[in-house]
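Counting with the numbering used here, you get residues 4 to 88 for the letters of the sequence shown.
From the three backbone atoms N, C-alpha and C, an ideal C-beta is built for every residue, glycine too.
These numbers come from a predicted model, not from an experiment.
A quick write-up on the structure given underneath.
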Amino acid sequence: MPPVTIYSRSWCSYCHAAKDLLTRKGVAFEDIDIEKHPEARAVMVERAGGRTSVPQIFVGDAHIGGCDDLYALDRRGEFEPMLAT
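Following this line, the structure appears as structure tokens:
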């Protein structure tokens, strides 16, 4: 399974919802809180093609997007196959 990374903030409800979906699916993920690690924000923005909102979610090097993007990917049945590659 490729590594899953989520850039987040502790108080962000969308971040909590995205992490909840990942947890319910049994997906291990690295959670990078950009408030605790402000240097990670620039890395996130670069990896996300300029997007500055949180969460920003990655499966390996593939940029999923935010919470709504993750849920849409899951509804279409496309998320789990990404994890199997």
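What does the alpha-carbon distance come out to for the pair residue i and residue j?
i, j, result
"M47", "A87", "24 Å"
"P5", "A20", "21 Å"
"V30", "L24", "9 Å"
"M85", "T26", "16 Å"
"G63", "K22", "16 Å"
"E42", "A65", "21 Å"
Tell me the residue span of the beta strand (DSSP E) that contains residue i.
i, result
"H40", "Looking at the DSSP string, H40 is not in any beta strand (DSSP E), and its letter there is neither H nor E."
Using CA coordinates, which residue listed in the options is at the minimum distance from residue i?
i, options, result
"C15", "H66, C70, H40", "C70"
"Y17", "K28, D72, E83", "D72"
On the DSSP letters alone, give me the boundaries of the alpha helix (DSSP H) that residue i sits inside.
i, result
"S11", "Note, S11: premise wrong, no alpha helix (DSSP H); beta strand (DSSP E) at 7-11."
"A20", "16-27"
"A87", "A87 -> no alpha helix (DSSP H), and no H or E assigned at all."
Based on DSSP bridge pairs, tell me the residues matched to residue i.
i, result
"E33", "T8"
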